[in-house]
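Taking it in order: structure first as structure tokens, then the write-up.
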């Protein structure tokens, strides 16, 4: 959408924006929000619960076509983050896949209750099931970290992210495009918003941490869940066609993340191999030619070479990330 000289902006006031968001009007059965504790009484009940968890419950979901992908996520979590509780939602696995998850995943297995919701919830590419899963878990736990099947963490400590989420109520990743270009016009119509007011960078829900507070329940979860429950707000008639274009972007994004994440490791292995061969051959030549038994200086030089190669690999990975981000942004705006 071309916005031209459009200059209208949101109020520069938290209170005014809070009033706008919490007063969005949705056509949603009251019983649905009540069941999810997102009616007035339900939110009050959740607000009165003790909320002091320092570590979130991890939640993910997968259908049959993402089974291989989610296995990688589960393996990562079981290896690097053993102390976390993991809840897995089945949104369309085959019976043999369910058996594998139940047998090998140290997690709580649940099935998403599709029968309780409209038929369009079964069109997974509408993604209307995601906010409902997060809210279902927030009813039980005050601190939740959602992870798509494709998410991979680099092993860095998460305490700082958890602390930030606790302070603000939410921690979320920035996307690669503008909201106005990435959002269906029907969504703006449902929210009674002007598209060109949303020229900021989009936020992604592939990875999100939510702390259960009055703010997150009323200003984030209630509008998000309500939009999912109103057909034409999140769910669209042509979701499959829209997904194909989005899927291409996701694959490109996933490709550079995978390459950049693995490049230092690959380079390190290569450097280690070269160093080992260099040390072995150098020591052999040293002893053979000079008849010396003390060739430790070669090992020291080898470690220096290894360090330089590792540094080079890190810089190369960072450069690759920046280049790919630029390419993705160009793709979005084309």
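Numbering (our numbering), first residue to last: 2 to 335. Each residue gets a CB set at the ideal place from its N, CA and C atoms; glycine is no exception.
Three-state secondary structure assigned by DSSP to residue i
i	result
residue 202	strand
residue 123	helix
residue 88	strand
residue 1	No answer is possible for residue 1: the residues shown for the chain start at 2 and end at 335.
residue 11	coil
residue 111	strand
residue 222	helix
residue 62	strand
residue 216	helix
residue 145	strand
residue 211	strand
residue 68	helix
residue 73	helix
residue 158	coil
residue 99	helix
Beta-carbon proximity check, residue i vs residue j, cutoff 9 Å
i	j	result
residue 150	residue 61	yes
residue 176	residue 204	yes
residue 1	residue 170	As shown, the chain starts at 2 and ends at 335. That puts residue 1 outside it, with no answer to give.
residue 135	residue 211	yes
residue 336	residue 87	Missing from the structure shown is residue 336; the chain here goes from 2 to 335 and no further.
residue 58	residue 148	no
residue 225	residue 132	yes
residue 25	residue 193	yes
residue 143	residue 52	yes
residue 1	residue 65	In this structure the chain extends from 2 to 335, so residue 1 is not present and cannot be described.
residue 7	residue 18	no
residue 9	residue 168	no
Same chain only: Cβ atoms within 7 Å of residue i, ignoring 5 sequence neighbours per side
i	result
residue 231	27, 28, 29, 191
residue 99	91
residue 229	129, 132, 133, 235
residue 158	none
residue 152	74, 207, 208
Whole-angstrom C-beta distance between residue j and residue i, which should lie under 8 Å
i	j	result
residue 181	residue 4	7 Å
residue 85	residue 74	Not quite, the Cβ-Cβ distance comes to about 12 Å (not below 8 Å), so this is no contact.
residue 201	residue 186	That belief does not hold up - the Cβ atoms of residue 201 and residue 186 are roughly 17 Å apart, past 8 Å.
Own chain residues within Cβ distance below 8 Å of residue i, not counting five before or after
i	result
residue 44	38, 215, 218, 219, 223
residue 162	172, 210
residue 22	220, 224
residue 47	38, 139, 140, 213, 218
Nonlocal neighbours in the same chain, by C-beta distance under 6 Å from residue i, ignoring five residues either side
i	result
residue 166	172, 210, 212
residue 236	121, 127, 129
residue 81	156
residue 227	27, 29
residue 103	110
Exercise. Does the pairing of the stretch 26-39 with the stretch 58-77 give three or more beta-carbon distances under 8 Å?
Worked result: no
Exercise. Is the stretch 105-118 close to the stretch 84-93, with three or more CB pairs under 8 Å?
Worked result: yes
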